[in-house]
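Same order as they appear, the protein sequences are chains A and B. No gaps in the numbering here: position 68 of the first sequence is 71 in the numbering used here, and each next residue is one more. No gaps in the numbering here: position 13 of the second sequence is 16 in the numbering used here, and each next residue is one more. Ideal Cβ placement from N, Cα and C applies to all residues, glycine included. Before any comments, here is the structure.
Number of protein chains: 2
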Amino acid sequence: MANQLSNLDQVFAALADPTRRAIVMRLCAGEASVSELADPFDMALPSFMKHIHVLETSGLVQSEKSGRVRTCRLSADVLVGAEDWFQQQRAVWEARLDRFEAYVMKLKKEKERAAAKRPSRTTKRKGS
Amino acid sequence: MANQLSNLDQVFAALADPTRRAIVMRLCAGEASVSELADPFDMALPSFMKHIHVLETSGLVQSEKSGRVRTCRLSADVLVGAEDWFQQQRAVWEARLDRFEAYVMKLKKEKERAAAKRPSRTTKRKGS
DNA sequence: TGTATAGTTAGCTTCATGGCTAACCAATTA
DNA sequence: TAATTGGTTAGCCATGAAGCTAACTATACA
């Protein structure tokens with residue numbers, strides 16, 4: 004619902020940075036202020052804020068300022084949207100494997116049938 | 004097994020580009036040569052090759068040259084490795100929601116118990 | 001042997017990213 | 001009211017990413 008905007012370009016780009024992945028991981032455990040988030044990182048605040056901003060424009064994070072403190076929280080649906088992409092790819096991949104397996108089974112059966120017709124000319128041979 | 008090398012930085016960076024995601028999607032359906040892959044894209048070959056190279060160094064794609072044609076295939080395990088990251092985050096997120104829900108339920112019960120003790124002083128009130 | 005095909009290499013531009021410092025609000029707290 | 005805290009703005013720099021053209025190599029086909 005909220006992820007029409009979740010364009011994968013920005014989401015994946017956001018997640019390509021270890022600092023930002025760490026922020027996302029932290030926010031999975033609950034919301035936090037900017038300086039709480041920044042604390043573990045050895046980085047100037049303005050640099051850190053850029054990461055927050057990247058996360059916000061990707062839609063992964065939302066924030067709200069009250070008083071002088073800005074609180075950040077995760078948009079789980081955007082995260083899920085990205086996860087969906089993988090699941091879609093995996094579905095295609097697995098369908099292909101299934102088809103391939105079906106094909107191999109078919110070949111095998113045909114071979115067996117052929118072998119049954121002209122009985123035991125070549126025995127099963129193992130490839131190296 | 005093959006994804007000790009699958010560093011998420013490179014994998015997500017690779018997937019942050021629509022051309023490269025399209026390549027991955029294409030390869031989910033089966034292996035292909037470079038020029039087959041390049042065909043749908045309006046892009047000079049050297050530019051396209053850079054994308055292939057990014058995908059290869061991320062581990063998402065492997066390729067092999069035979070004769071003059073280079074055939075590319077997907078490394079599904081690397082894709083799955085990235086998917087795993089999302090599942091881990093979701094697990095943390097959902098655990099938190101569960102705790103929160105448990106907490107809300109506890110509060111609710113306590114309120115009910117308190118209400119039962121001193122019978123019906125204030126009826127349920129709706130906040131605006 | 002000559003020509004077309006499939007990639008590759010080299011080198012160039014342009015723009016985005018990730019980091020910094022310095023200076024600047026605007027709420028809180030003393 | 002003055003000082004501290006929490007964040008923001010502006011601007012600089014180095015690196016890397018994404019695209020291009022031009023020229024080249026090496027295989028396959030006629």
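query	result
Within chain B, the residues that Pro43 of chain A reaches when beta carbons sit closer than 8 Å	Here the premise fails: no neighbours, minimum Cβ distance about 17 Å.
Test item: CB-CB of Val64 of chain A and Leu30 of chain A under 8 Å	yes
Candidates B:Arg93, B:Asp45 and B:Gly33, of which the one nearest Gly33 of chain A by Cα	B:Arg93
Pick from B:Leu11, B:Ala47, B:Val81 and B:Ser36 that is closest to Gly70 of chain B, judged by C-alpha positions	B:Ser36
Whole-number beta carbon distance between Ala16 of chain B and Ala19 of chain A, since they are thought to touch under 8 Å	4 Å
Backbone CA spacing between Leu28 of chain A and Ile26 of chain B [nearest angstrom]	It should be noted that the sequence gives Met, not Leu, for residue 28 of chain A. The straight-line gap from Cα to Cα measures roughly 29 Å.
Short-range partners of chain B found in the segment 96 to 107 of chain A, where Cβ spacing is below 7 Å	Trp96 and Arg99
Buried or exposed (CB count within 10 angstroms, at least 16 for buried), Ser61 of chain B	buried
Close-in-space but distant-in-sequence residues of the same chain around Ser66 of chain B (CB under 8 Å, 5 per side omitted)	Val37, Ile55, Glu59, Arg73, Thr74, Cys75 and Arg76
Range covered by the alpha helix (DSSP H) that runs through Glu59 of chain A	Leu48 to Ser61
Within 8 Å, strictly: CB atoms of Arg24 of chain A and Leu11 of chain B	yes
Heavy atom of the ligand GTP within 7 Å of Ser61 of chain B beta-carbon	The ligand GTP is absent from the structure shown, which contains no ligands of any kind.
Neighbour flag for Ala117 of chain A against chain B, beta carbons, 8 Å	no
Ala41 of chain B classed as buried or exposed, judged by whether at least 16 other C-beta atoms fall within 10 angstroms	buried
Val27 of chain B at chain A interface by Cβ criterion, 8 Å	yes
For Cys75 of chain A, the residue or residues it bridges with in DSSP	A:Ala35 and A:Ser66
First and last residue of the uninterrupted alpha helix (DSSP H) at Arg16 of chain B	Inspection of the sequence shows that residue 16 of chain B is occupied by Ala rather than by Arg. Residues Leu11 to Leu18.
Rounded separation between Gln91 of chain A and Asp80 of chain B - CA only	15 Å
CB contact flag (Ala98 of chain B, Val14 of chain B, <8 Å)	no
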